[in-house]
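Student:
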Amino acid sequence: MLTVRNLHAGYDGKEVLRDVNINVPTGSVVTVLGANGAGKSTLLNSIVGLVPTSSGVIEWNGGKIENTTPDQALKCGIALVPEQRELFLGMSVADNLRMGAYLRRNSLDIGAEQQYLLEIFPSLKSRLEQPARALSGGEQQMLAIARALMSKPSVLLLDEPSLGLAPKFVEEIFRILKQITGDGTTVLLVEQNAAMALDAAESGYVLDIGKITFSGTSEELKKSPIVRASYL
Amino acid sequence: MRLRIIFSVLGIAMFFLIPKLFADYNLYQFCLIAVTSLIVLGLVIVTGIAGQISLGQSAFVALGGYGAAILATNWGVPLWLGIPLVAVLVATVGFLLGLMTLRVEGHYLALTTMAFTAIVQLALVHADAVTGGAAGMPVPSFELFGKSLSTGAELYYLIVPITALLFIVVINLNNSRTGRVFAAIRQSEIAAEAMGVNILVYKASAFAASAFLGAIGGGLLAILVTYLDPAQFGITQTVYYLAIAVVGGLLSPFGAIIGTTVFVFLPEFLQTFQTYLGLVFGIMLLGFIVLRPKGLASLIDIENLKKIVFKSRRESVGS
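In structure tokens form, the structure reads like this:
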């Protein structure tokens with residue numbers, strides 16, 4: 001279980017997140033819904049240590065992660081797919097994947113991981129030697145997810161994977177999401193596309209200007225008037 | 233592999249053939265190209281490959297040259313020992329300067345490194361007890377196994393192999409995992425950090441490498457010009473190095489050699505133009521930034537060459 005307790009975080013003294021509490025049970029998909037600027041990306045970035053936390057506790061399987069740095073978070077098994085994908089556009093698809101396994105040393109394992117992921121993401125298979133720039137938006141998002149999975153994380157943090165994608169690709173991404181959770185990966189998904197996110201997730205939270213204003217199972221969220229009014 | 237061996241043999245043959253074909257003055261020019269390209273190689277690493285704008289290169293050159301010369305003059309440390317020793321120290325200074333990138337970036341980093349150049353130059357002027365102040369100081373002769381090297385031909389056999397060696401090291405590093413990590417940092421700092429890359433250490437190491445190469449270049453330059461004065465190491469000179477790197481191609485180690493060759497030989501061809509040389513360089517710099525941001529190196533298809541070498545290697549493995 002990934003637990004975020006009483007988390008406060010922000011940039012240069014300006015607090016973006018105030019007293020955020022979140023539970024992500026192992027093997028499940030949990031979503032955080034929120035409008036632009038609600039602090040969704042800050043939440044994910046502060047879990048992996050890209051944004052410093054001012055107070056609060058992040059726990060994974062009972063172990064505390066405090067003032068973490070991204071490499072420590074990765075070693076604990078938490079990987080982030082950043083907002084806007086942030087691919088290495090000039091590098092080949094294969095090199096992007098290789099960078100995802102940056103902290104892993106065993107090249108045999110890395111090769112096996114890549115083989116396995118190319119089965120989940122078949123569209124990347126034929127394009128391994130092409131630069132990431134040459135991929136379509138949907139394929140780029142696949143690559144961003146595959147790159148994060150190269151570290152073989154137990155928890156995957158996904159920052160708006162559906163952003164700017166055609167509906168066909170959004171569906172494909174959510175299909176893949178089901179497949180990786182089937183393998184036992186825990187997913188924390190941040191989304192504006194609430195309908196899709198709630199279909200994929202078991203439970204969810206609503207984040208509004210840095211505060212959690214609502215939480216419950218996906219069904220409860222779908223029925224909630226607040227969610228219906230603002231996000232569906 | 234076969235092609236690689238052919239290239240190596242050709243290179244070594246050329247190395248021994250050139251002194252037979254050219255006059256001493258030309259060999260001196262080749263030495264100057266080698267030393268300058270080594271200094272520019274440092275800039276290619278920090279500004280091109282690691283993406284950190286540095287205007288501190290001539291300060292590293294000054295520290296390398298003066299450091300080795302002062303050790304030799306005042307403490308009798310031979311230059312062959314002093315130059316690498318000082319270069320390691322200057323690399324440490326470079327690393328510390330690189331740690332600054334945690335706090336400043338972009339234009340501010342450019343300004344900070346420029347200030348570093350100005351400070352070093354001022355220090356050289358005012359520490360006249362050891363540096364000879366604004367008047368400068370002579371560089372003791374370079375002695376190896378009791379023989380003193382001074383002519384272009386003699387220095388050629390010292391400077392060109394050192395330069396070649398350092399270039400080979402940098403090119404190999406750039407084609408390895410390290411090079412891939414730098415490319416990743418350049419293309420998305422956030423993603424590289426999210427993959428677990430310690431960005432600060434990489435950036436500071438790039439500064440250390442550029443300082444090391446600058447200092448080795450400075451030491452060799454000191455031997456070559458035999459006299460050091462602070463005017464050689466100002467902000468103009470630092471911009472000159474940056475201009476060479478841009479014209480040659482900021483992202484390619486080969487660009488450092490190509491750019492330097494142009495900048496050393498061009499004044500020869502433009503003798504009558506001497507007064508307008510600065511203007512010619514300025515226009516060239518501007519032209520390249522606008523029209524060919526990847527520099528002269530991008531006109532030669534280095535990627536294609538690599539493919540040929542790589543392919544021949546794979547074939548020889550197969551056969």
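Chains X and P supply the protein sequences, listed in that same order.
My numbering puts the first residue of the first sequence at 1, with every later residue one more than the last.
My numbering puts the first residue of the second sequence at 233, with every later residue one more than the last.
Even glycine gets a Cβ: it sits at the ideal position worked out from N, Cα and C.
1) Taking E273/X as part of the alpha helix (DSSP H), name the residues at either end of that continuous run.
2) Taking one C-beta from the region 256-268 of chain P and one from the region 454-471 of chain P each time, how about it: are there three or more such pairs within less than 8 angstroms?
3) Strictly under 8 angstroms for the Cβ-Cβ distance: is R545/P near chain X by that measure?
4) Under 8 angstroms, Cβ to Cβ, is there at least one residue of chain C near E337/P?
5) One question on the structure: do L128/X and A94/X come within less than 8 angstroms of each other, judged by their Cβ atoms?
6) Say the cut is 7 angstroms; is the CB of Y298/P nearer than that to a heavy atom of the ligand FAD?
7) Does the CB of F88/X have a neighbour CB from chain P at under 8 angstroms?
8) Cβ closer than 7 angstroms: which chain X residues qualify as neighbours of A426/P?
9) Comparing alpha-carbon positions, which option in G481/P, V371/P, L398/P lies nearest L303/P?
10) By the 10 Å Cβ neighbour count, where 16 or more other Cβ atoms means buried, how is N193/X classified, buried or exposed?
11) Look up E290/X in the DSSP assignment and give the residues it is bridged to.
12) So the candidates are E219/X, T3/X, L198/X, L118/X; which of them puts its Cα closest to the Cα of N61/X?
13) Excluding sequence positions up to five away, which residues of its chain have a Cβ less than 6 angstroms from the Cβ of I110/X?
14) Mind checking whether A438/P and Q289/P have CB atoms under 8 angstroms apart?
15) What residues from chain X crowd round R412/P, counting only those whose CB sits closer than 8 angstroms?
16) Looking at the unbroken beta strand (DSSP E) that takes in K222/X, where does it start and where does it end?
17) Note the first and the last residue of the continuous alpha helix (DSSP H) segment covering I65/X.
18) Considering just the uninterrupted stretch of the alpha helix (DSSP H) at L41/X, what are its terminal residues?
19) Could you check the C-alpha separation between A385/P and D256/P for me, to the nearest Å?
20) In whole angstroms, give me the CA-to-CA distance for F444/P and I281/P.
21) Taking only the alpha-carbon atoms, compute the straight-line gap between S544/P and F239/P and give it to the nearest angstrom.
22) With distances taken between CB atoms, is the gap from E172/X to G137/X smaller than 8 angstroms?
23) Is the beta carbon of G466/P less than 8 angstroms from the beta carbon of V272/P?
24) Taking Cβ-Cβ distances shorter than 7 angstroms, what residues in chain P pair up with Y102/X?
25) Just to confirm, are A424/P and I417/P a CB contact at a threshold of 8 angstroms?
26) Taking P161/X as the reference, give the member of K211/X, P153/X, S151/X, V187/X with the closest Cα.
27) So L74/X contacts chain P; which residues on that side make the cut at Cβ distance below 9 angstroms?
28) For G204/X versus L17/X, is the C-beta distance shorter than 8 angstroms?
29) Put K252/P into one of helix, strand or coil per three-state DSSP.
30) If we define contact as Cβ-Cβ less than 8 angstroms, is Q469/P a contact residue for chain X?
31) Output yes or no for whether 8 angstroms exceeds the beta carbon distance between D141/X and A132/X.
32) Who are the Cβ neighbours of L392/P in its own chain at under 6 angstroms, not counting the five residues just before and after it?
33) For S420/P, decide whether its Cβ has a neighbour in chain X, counting only Cβ atoms nearer than 8 angstroms.
34) Taking the beta carbon of G243/P as the centre, do at least 16 other beta carbons fall within 10 Å, making it buried, or is it exposed?
35) Is any beta-carbon of chain X found at less than 8 angstroms from that of A488/P?
36) Nearest chain X C-beta to A416/P closer than 8 angstroms, yes or no?
Tutor: In terms of the structure at hand:
1) In the structure as shown, chain X starts at 1 and stops at 232, and residue 273/X therefore has no counterpart that could be examined.
2) Short answer: they touch.
3) At R545/P the pLDDT is 46, less than 50, meaning the model places this residue with poor confidence and gives no usable figure here.
4) The displayed structure is made up of protein chains X and P, and chain C is not among them.
5) By the CB criterion at 8 angstroms, L128/X and A94/X fall inside the cutoff.
6) No copy of the ligand FAD occurs in the structure displayed, which carries no ligand at all.
7) In terms of beta-carbon proximity, F88/X lines the interface with chain P, with at least one pair separated by less than 8 angstroms.
8) In chain order: V48, L50, P70, L80, P82.
9) Taking only the C-alpha atoms, the option nearest L303/P is V371/P.
10) Buried, since its Cβ has 16 or more Cβ neighbours within 10 Å.
11) The structure shown does not extend to residue 290/X, since chain X is modelled only from 1 to 232, so the question has no answer here.
12) If we check each option's Cα against that of N61/X, T3/X comes out closest.
13) So the qualifying residues of the chain are A101, R104.
14) Contact check for A438/P against Q289/P fails: the beta carbons are separated by 8 angstroms or more.
15) Contact note: R412/P reaches chain X through M91, D95, R98, M99, using a C-beta cutoff of 8 angstroms and chain order.
16) Per DSSP, K222/X lies in no beta strand (DSSP E) segment; the continuous alpha helix (DSSP H) that holds it begins and ends at 218-223.
17) Element bounds for I65/X: not the alpha helix (DSSP H) but the beta strand (DSSP E), 63-65.
18) The question names Leu, but residue 41/X in the sequence shown is Ser. Under the DSSP assignment, S41/X falls in the alpha helix (DSSP H) whose first and last residues are 40-48.
19) Cα to Cα, A385/P sits roughly 6 angstroms from D256/P.
20) F444/P and I281/P have their C-alpha atoms roughly 16 angstroms apart.
21) Because the pLDDT at S544/P is just 47, under 50, the model does not fix this residue reliably, and the value given afterwards should be weighed accordingly. C-alpha separation (whole angstroms): 12 angstroms.
22) Result no, Cβ atoms of E172/X and G137/X do not sit closer than 8 angstroms.
23) No, the pair does not count as a contact, with Cβ atoms beyond the cut-off.
24) Within 7 angstroms of the CB of Y102/X, the CB atoms of chain P belong to M427, G428, V429, in sequence order along the chain.
25) Yes, Cβ-Cβ distance for A424/P and I417/P is below 8 angstroms.
26) That would be V187/X, whose Cα lies nearest to the Cα of P161/X.
27) Within chain P, the residues near L74/X are A426, M427, G428.
28) Cβ atoms of G204/X and L17/X: not closer than 8 angstroms.
29) Of the three classes helix, strand and coil, the one that applies to K252/P here is helix, per DSSP.
30) So, not an interface residue.
31) In the sequence as presented, Asp is not what sits at residue 141/X; that position holds Gln. No, the Cβ-Cβ distance between Q141/X and A132/X is not below 8 angstroms.
32) Correcting the residue type first, residue 392/P is Val in the shown sequence and not Leu. Same-chain partners within the cutoff: A266.
33) Output row for S420/P: interface = yes.
34) Residue environment: G243/P is assigned as exposed (fewer than 16 neighbouring CB atoms within 10 Å of its CB, all protein chains considered).
35) No, no contact with chain X.
36) Cβ-Cβ to chain X under 8 angstroms: yes for A416/P.
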